[in-house]
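For the sequence shown, position 314 (counting from the first letter as 1) is numbered 314 according to UniProt numbering, and the numbering increases by one without interruption.
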Amino acid sequence: MQTWPGRPYPLGATFDGTGTNFALYSSVAKRVELCLLTDDNTETRIDVTETDAHVWHVYLPGVGPGTRYGYRVHGPYAPASGHRCNPAKLLLDPYAKAVEGDLDGDPSLFSYPFSDTRQATTGTTPDSADSLGHTMVSVVVNPFFDWGHDRPPATPYHDTVIYEAHVKGLTMRHPDVPDELRGTYAGLAHPAVIEHLTKLGVTAIELMPVHQFVTDPSLRAKGLTNYWGYNTIGFFAPHNRYAGYGQRGEQVMEFKAMVKALHQAGIEVLLDVVYNHTAEGNHLGPTLSFRGIDNAAYYRLVDSDEAHYFDTTGTGNSLLMRSPAVLQLIMDSLRYWVEEMHVDGFRFDLAATLARQFHEVDRLSAFFDIVHQDPVISQVKLIAEPWDLGPGGYQVGGFPPLWTEWNGRYRDTVRDFWRGEPATLPEFASRLTGSSDLYEHSGRMPSASINFVTAHDGFTLADLTAYDEKHNEANREHNEDGERHNRSWNCGVEGPTDDPEIRELRARQRRNLLVTLMLSQGVPMIAHGDELGRTQQGNNNAYCQDNELTWVDWGGPDGLDDEGAKLLEFARHAVRLRRDHPILHRRRFFDGSGTDALGDVEWLDLTGALMDDTDWLQSYARTVTVFLNGDAITEKGGRGEAVVDDSFLLLLNAHSGALGFTLPPAAYGKDWTVVLDTDGSAAPGSVLEAGTGLTVTGRSVVVLTRPPGTPG
């Protein structure tokens, strides 16, 4: 086969219309073989002889899209010194744009003799079994795609409503999606799915991992799969099992078409990305890619024992965030997904690990530096999961400007407030108004707080109100996995019940949690299916359940049942209310300024009077009236004009019984109109005068408004 020297950049396989350039980084390799594979795995090995700054490269004229390939890297095999090269193992290109196939669990995937695991750390002779035929292979892709007039929606943070979703889980049971497209990128782009998202009012869909991932050997042995996908092996490749039309690069085109369709509907696409570790696991894991290419350059090893991995992720390994090769890999990957795949932002799994340049979490680490100075990545949405499992790993509020964060303290506080925990009112007030205690000190705005009550990890919204304890037996770990302290409340009975009073209380609690999310300053995130009443039957760690337990239930042939339909309509109404009123998604924190004698936010007791310190400090305090002064908004609109809005009264009663609230005096507003009631006792549209008494059902919310400029 004719070969040309090629170029060291870009890394990976790059088709230019007439041939393909291959480039691979390895600082320890003594010899690199590029392996081209036919459909029956007949292998043509090509010695890559050109190298520049540890990048091995070659150009092959006539080689184009659909070509299957891998690498064999000859170099040191000395686990005790951190090196694990083994040319018997066919390796994935770390920069592969598409991947075909899956692992089959064969012992040949491991570089040490599978019968003697001690050799994984002390051995000097690698296992000689060839992994070809048992591992995944890289695929050359066609980079050309007709994007037409695609433009990113570029929704401002403060106007954003995020919908966390799983490509397969969201679409697998949708009755209007054709069977052959269910569980695929094309299924997610189906008009029926997009219509649901637009009617709900979400502006961004946050996809659980779509980078190529693999199922852990331990799960495979149990007959389970890695459903969530937090086990990445290819940071440039769309996961091949979500492709409806093929795995020879078709998955790339299908993913792009999905993004284009969502953009046309005004919906941004955010990716949940896992740059903190890879699927190769700890020292006992398989050799699939990075480990066999340059183990010590990609992974954080224990300083005093380089045969083992320093792990802050709970998965067996962590990427080495001070390595130039790792930093380049991450930045090249992020830019690829923005520039070539047109995604609009990222949620970084266990992001505290990315900040560990050495051992401590450092907001001044190299990772943040390169992100902040990058002209592409610094301009998209950046969301951190601000914790990991290492020392000092809980960093909610600790990330620098440009970053937003999953606000775990919001989740915990809102759950505690609505399940009736004592002494939660002061912190609940802070979470409702944007968590300024966490974010204002670093110059960030309320939109730094990604507010959520539920996410993929933990109970669904329905289960949060139906279970006190986790029920994870289906995971085959003796119900010992998953969080034990869920801050949930079953409303009196564990699990399903026919008791009408308990069912109504649960439905009201779901509405309370949803509307609190929409009334809170910051960016709300809804977990897929929560708006429909999705249940996982009490499983709070369904990472390995790729079945109807986790797939969204869209109802039978006649659609949703009555409870599901009512919850969906309520969710749409709550999202719409937030969207239509700037005061519910301010760009800046409340600061006490206001109009005349009224502040921009006021906290009132049951009598309609201002709360004092004693009211706040009562451990049993579970009620509050919140006045949001729409006349006090001084922010500028798109054309620079001052923005004013309706004023709001939020009557929140987390007490178990009904209580009488008195509306504040006419200085706050002469007449108030009910726009929402989670119990249904106060009819929407009914008008109440200042000073009127209103009985608010236990554990419920009533929302009232008045037009701007109409105080008494």
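Glycine included, every Cβ here is placed at the ideal spot set by N, Cα and C.
- In the DSSP assignment, V624 falls within the unbroken beta strand (DSSP E) covering T623 to L628.
- According to DSSP, residue pairing for E43 in a beta bridge involves L37.
- At a Cβ-Cβ threshold of 8 angstroms, A466 and N490 count as neighbours.
- Ranked by Cα distance from L320, the first of E635, Y275, W337 and D349 is Y275.
- Within the region 250 to 309, the complete alpha helix (DSSP H) segments of 4 residues or longer fall at 250 to 264 and 290 to 298, listed in chain order.
- Put simply, of E531, L37, S218 and N86 the residue whose alpha carbon is nearest the alpha carbon of L461 is E531.
- Annotation: P375 to A257 spans about 25 angstroms, alpha carbon to alpha carbon.
- A distance of 8 angstroms or more separates the beta carbons of P191 and H263.
- Per DSSP, H57 is one residue of the beta strand (DSSP E) stretching across V55 to P61.
- Distance between N226 and V214, taken at the CA atoms: about 7 angstroms.
- When rounded, the separation of the alpha-carbon atoms in G492 and I502 is 7 angstroms.
- By the neighbour-count criterion, in which a residue is buried when 16 or more other Cβ atoms sit within 10 angstroms of its Cβ, W56 is buried.
- Shown here, P524 sits in a strand according to DSSP, grouped into three states.
- In the three-state DSSP reduction, V601 falls in the strand class (E or B).
- Between the alpha carbons of T516 and L649 lies a distance of about 13 angstroms.
- Under DSSP, T673 forms a beta bridge with V687 and T705.
- Residue environment analysis places P94 among the buried positions, since at least 16 neighbouring C-beta atoms fall within 10 angstroms of its C-beta.
- If you compare the alpha carbons of I46, V58 and G17 with that of W4, the shortest gap goes to V58.
- Three or more Cβ pairs closer than 8 angstroms define a contact, and the region 160 to 168 meets that threshold against the region 199 to 210.
- Taking every protein chain shown into account, the CB of W147 has fewer than 16 other CB atoms within 10 angstroms, so this residue is exposed.
- Under the three-pair Cβ rule at 8 angstroms, the region 629 to 636 does not count as touching the region 650 to 659.
- Looking at the DSSP output, Q212 shares a beta bridge with G234.
- Nearest Cα to E100 within the set T124, A243 and L11: A243.
- Following the DSSP letters along the chain, one finds I583 in no beta strand (DSSP E), marked with neither H nor E.
- For F399, there is no enclosing beta strand (DSSP E), as DSSP marks it with neither H nor E.
- When DSSP assignments are scanned along the region 317 to 365, the uninterrupted stretches of alpha helix (DSSP H) that are 4 or more residues long and fall wholly within it turn out to be 324 to 339 and 351 to 354.
- Counting along the chain, I377 sits inside no beta strand (DSSP E), nor does DSSP assign it H or E at all.
- Per DSSP, the beta bridge partners of S700 are N653.
- G393 and E385 have their C-alpha atoms some 11 angstroms from each other.
- According to DSSP, H74 shares a beta bridge with R31.
- DSSP links E50 through a beta bridge to H57.
- Within the region 501 to 578, the complete beta strand (DSSP E) segments of 3 residues or longer fall at 523 to 527, listed in chain order.
- Taking a 10 Å sphere around the C-beta of Q373, we find fewer than 16 other C-beta atoms and assign the residue as exposed.
- By the C-beta density criterion, M1 is exposed, having fewer than 16 other C-beta atoms within 10 angstroms.
- E50 and G292 have their C-alpha atoms some 20 angstroms from each other.
- With a cut-off of 8 angstroms on Cβ pairs, the region 462 to 481 is in contact with the region 530 to 546, counting three or more such pairs.
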